[in-house]
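Engineer:
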Amino acid sequence: DAGVIQSPRHEVTEMGQEVTLRCKPISGHDYLFWYRQTMMRGLELLIYFNNNVPIDDSGMPEDRFSAKMPNASFSTLKIQPSEPRDSAVYFCASSSTLQGDTQYFGPGTRLTVL
Amino acid sequence: SQQGEEDPQALSIQEGENATMNCSYKTSINNLQWYRQNSGRGLVHLILIRSNEREKHSGRLRVTLDTSKKSSSLLITASRAADTASYFCVPNSGGYQKVTFGIGTKLQVIP
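Laid out in structure tokens, this is it:
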């Protein structure tokens, strides 16, 4: 398996623009997580899905952030409009109920908002 | 979910030495996991120890768990420069797949 795939790996955009981050989880995994990592706040869980359904989005910072999972093999995290304070590395991870609690992380998307 | 607290926050050792990191948590768990994050990369799962286990080995890694003290330790023997990374412990109480990460221990292995 190719592991969790994220795109793009790097994104530079200007304040006010819409940003869409993409994630393809490991095939067969039924949980998907979106995290944000910054030096100041460390690794924060933003939202997670189970069987494509959002379970807990309490970590989503504000209404500018939205996440979808239209099917088992694809998820997006959208920021509209983006702000400089959104600059961070965004990770997607997936896991399987059958394999216990281990999460498998993607390589991350480094977002810079100018 | 609960968050583990890693100690020390930073550790610097010479290559070949052993590195020990500690983790404390607050409530009872089903298992505890350790993850590693190399700079600029995603987290990688290292090892999982269940609540009924006291010690577990994987290659140069040794993990201990003391549920009475609500603590765990990760020992890396004969460290290498490639072990330079941040290490996170994740106590899992079960019921959900949601886990929470602390600030980790930043390990630097000097060649």
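As they're listed, the protein sequences go chains Y and W. Quick note: to get my numbering, add 30 to the position in the first sequence (first position is 1). Quick note: to get my numbering, add 1 to the position in the second sequence (first position is 1). Backbone N, C-alpha and C define an ideal beta-carbon position, used for all residues, glycine too. If you're wondering where the values come from, they're calculated on a predicted model, not measured in any experiment.
Counting C-beta neighbours from all protein chains within 10 Å, is the total for residue 84(W) 16 or more, i.e. buried, or is it exposed?
Structural biologist: On the second sequence, position 83 is the one that residue 84(W) refers to. Residue 84(W) comes out buried.
Engineer: Is there a Cβ of chain Y sitting closer than 9 Å to that of residue 23(W), yes or no?
Structural biologist: Walking along the second sequence from the start, residue 23(W) turns up at place 22. With 9 Å as the cut-off, residue 23(W) does not count as an interface residue toward chain Y.
Engineer: Going along the chain, which residues of its own chain have a beta-carbon closer than 6 Å to the beta-carbon of residue 63(W), five neighbours each way excluded?
Structural biologist: By 1-based counting over the second sequence, the position of residue 63(W) is 62. Closer than 6 Å at Cβ, skipping near neighbours: 76.
Engineer: Enumerate in chain order the residues of its own chain whose CB-to-CB distance from residue 4(W) is below 6 Å, with the five nearest sequence positions on each side excluded.
Structural biologist: By 1-based counting over the second sequence, the position of residue 4(W) is 3. 101 and 103, listed in sequence order.
Engineer: Would the region 11-25 of chain W count as touching the region 66-82 of chain W if we require 3 or more Cβ pairs under 8 Å?
Structural biologist: yes
Engineer: What residue does the beta strand (DSSP E) around residue 87(Y) start on, and which one ends it?
Structural biologist: Walking along the first sequence from the start, residue 87(Y) turns up at place 57. No beta strand (DSSP E) contains residue 87(Y), which DSSP labels as neither H nor E.
Engineer: Which residues in chain Y have a C-beta closer than 8 Å to the C-beta of residue 60(W)? List them in chain order.
Structural biologist: Stepping through the second sequence from its first residue, residue 60(W) is reached at position 59. What residue 60(W) touches in chain Y: nothing, since even the nearest Cβ is about 17 Å away.
Engineer: Check the C-beta distance from residue 48(W) over to residue 59(W) and give it rounded, since I have them as a contact under 8 Å.
Structural biologist: In the second sequence, residue 48(W) corresponds to position 47, counting from 1. In the second sequence, residue 59(W) corresponds to position 58, counting from 1. Confirmed, about 5 Å.
Engineer: For a contact defined as C-beta to C-beta under 8 Å, what are the partners of residue 132(Y) on chain W?
Structural biologist: By 1-based counting over the first sequence, the position of residue 132(Y) is 102. Under the 8 Å cutoff, chain W gives 34, 46 and 49.
Engineer: If I'm right that residue 94(W) touches residue 28(W) with Cβ under 8 Å, what's the distance once you round it to whole angstroms?
Structural biologist: Translated into positions along the second sequence, residue 94(W) becomes position 93. Translated into positions along the second sequence, residue 28(W) becomes position 27. With 8 Å as the limit, residue 94(W) and residue 28(W) qualify as a contact, their Cβ atoms being about 6 Å apart.
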